[in-house]
Every structure is written in structure tokens, then in C-alpha cells.
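Structure first, then comments.
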Amino acid sequence: MSGQGRNQLRGPGRSDMTVIVRALKMMSTNIPPEAKQAILRRLESNSDSEPKDIRLSVEMQHFWAHKDVLSYWSPYFMALFRGDWTDRDIVNFDQDIISAAALKSVVEFAYSGVYRGSDVSTEERVDQLEDLRVAADYFHMEALRLQVEECLGSE
0 MSGQGRNQLR GPGRSDMTVI VRALKMMSTN IPPEAKQAIL RRLESNSDSE PKDIRLSVEM
60 QHFWAHKDVL SYWSPYFMAL FRGDWTDRDI VNFDQDIISA AALKSVVEFA YSGVYRGSDV
120 STEERVDQLE DLRVAADYFH MEALRLQVEE CLGSE
């Protein structure tokens, strides 16, 4: 694994912590308090002290993450990590399902709760947002889908 891949998935900055703490307070009451605290610790972590346990790959690009963080935002990941993917540490996606740029945004969103966008032309940005909206629907990430749709509405 390259150092670049690890650096892309560092935890959020302090400015993002307010959003994360708010999200944790609104988390489902079905999630045990211990699990909420574990997720918060992972989100706050800016080090490799808790190694990421899943590599998501598409188009020869790799993105490392924690299964529990992805599961928090996505019922799709939650079901797979509790079922067929329990023992997997690598998942490869077909580029017809998701682009590398969209997968990177999905992982970044999972650690911050915020879609940050990209610095590209308006036409490219709209295409990226459309790809990301499809990915958010595919992974059942409602919070990400809503943020992407808000961005599309302002384009």
C-alpha cells in the first residue's frame, strides 16, 4: 500500500469534529453506546494506531477504510460486512458500478460527514456529482445523496 493511499484517508480535522459529534448524537438508538464511542475514536484518529481493515478498489486505485465507519453511513456496507464480506479485507468494484473519483468521495464522506466537492470545471463537476449520486444510491448513503443533490441544485 502506498503512503499516498493512507494519507488520503486520515481522520477529519478539528473543524469537522462538530459535524461528527452532532451526527453521533443523532445516531440511531439501536446502536450500542460502546459502538458509538468506537466509531468516534476512529473518526478522531489522525494516526495509523487503528489500522484500516478494508481496501476498496476500482480502476486500479485503492482506498483504505474501517468497516465500522462505512457501515455507520451505509446499510449496504453494514449488511455485507455482517454477511458475505465478514472475513474479506479487499473488495474490488467494477468501474461500471462506480468510478474511482466517486469511491474516493464516498470514503472521504464516511470520515467527515461532509461532501467537499472538487476543483474542476462546471461541466466536469456536474458529471462527477451525477456519478456520486449514483454511488450514494447504490450504497444507500442517504446523507451523502442529499448533500450531492443540494450541490447539483446549485449548479
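Oh and the sequence shown: position 54 is 53 in numbering that gives the first Met the number 0, straight run, nothing missing. For glycine and all other residues, C-beta sits at the position ideal for the given N, C-alpha and C.
C-alpha distance - residue 150 paired with residue 101, whole-angstrom precision: 15 Å
Integer Cβ distance of residue 98 from residue 130, believed to fall under 8 Å: 5 Å
Per DSSP, the bridge partner or partners of residue 89: 54
Cβ-Cβ separation, residue 55 to residue 92 (assumed contact under 8 Å), whole Å: 7 Å
Reduced DSSP category for residue 60 - H, G, I as helix; E, B as strand; rest coil: strand
Close beta carbons around residue 96, own chain, < 7 Å, minus the five adjacent residues each side: Once the five neighbours on either side are set aside, the close Cβ partners of residue 96 are 137.
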